[in-house]
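One rule links them: number in this note's numbering = place in the sequence shown (from 1) + 173.
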Amino acid sequence: KVALVYIMSDKKSLAAAAVAECIPEEHYHEFVDVLFENQTRWGFSDKTEEILAEYASLNGISKQVARECMVNNSIISEIMGNRQQGITELGITGTPTFVVDDGKVQEKISGAKDFSEWKKYLDVKLAELPETKEKSAEE
Numbered sequence: 174k175v176a177l178v179y180i181m182s183d184k185k186s187l188a189a190a191a192v193a194e195c196i197p198e199e200h201y202h203e204f205v206d207v208l209f210e211n212q213t214r215w216g217f218s219d220k221t222e223e224i225l226a227e228y229a230s231l232n233g234i235s236k237q238v239a240r241e242c243m244v245n246n247s248i249i250s251e252i253m254g255n256r257q258q259g260i261t262e263l264g265i266t267g268t269p270t271f272v273v274d275d276g277k278v279q280e281k282i283s284g285a286k287d288f289s290e291w292k293k294y295l296d297v298k299l300a301e302l303p304e305t306k307e308k309s310a311e312e
């Protein structure tokens, strides 16, 4: 199972996470890609809210809806609850941190990894799954 959990370190990241929660599912990954590709632009700007609203308007919601999402207490509470859960239950202290749970063992992987490292790691993990072993035995 894979889930994206936001562990924000500042108000700008919280605003970005809140807007991401409002993006329609079919545009979500495009929006998150734009956030990561332009992180220094919006993260160090004094116009972060305007920039995030612009990105949102290109990904399925209006600028006004994006602004409303940034201050929506329900969305912010959910994000902060997930953040706290990540810290207390999973021991996440920074980003990026990936938690791989195969149902038996929960493994934390911290730090950015390139595709080849992830592919090697996931190939090993997938080969260890019972379904994979059964298919191999049948062949």
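Even glycine gets a Cβ: it sits at the ideal position worked out from N, Cα and C.
Euclidean distance between Cα positions of residue i and residue j
i           : j           : result
residue 232 : residue 258 : 29 Å
residue 226 : residue 278 : 40 Å
residue 210 : residue 304 : 37 Å
Same chain only: Cβ atoms within 8 Å of residue i, ignoring 5 sequence neighbours per side
i           : result
residue 248 : 191, 194, 195, 242
residue 298 : 273, 275
residue 230 : 236, 239
Cut-off 6 Å between Cβ atoms - residues of its own chain near residue i, not counting five sequence neighbours on either side
i           : result
residue 200 : 232, 233
residue 221 : 185, 215
Whole-angstrom C-beta distance between residue j and residue i, which should lie under 8 Å
i           : j           : result
residue 239 : residue 208 : Contact flag wrong, Cβ pair sits at about 12 Å.
residue 269 : residue 284 : 7 Å
Beta-carbon proximity list for residue i, same chain, < 7 Å, skipping 5 on both sides
i           : result
residue 245 : 191
residue 310 : For residue 310, the predicted model reports a pLDDT of 49, less than 50, meaning its position is unreliable; a value from the coordinates is still stated below. For residue 310, where only same-chain residues beyond five positions count, there are no Cβ hits under 7 Å.
query: Taking only runs of the alpha helix (DSSP H) that begin and end inside the stretch 239-278, which ones reach a length of at least 4 residues, in chain order?
result: Correct list: 246-261.
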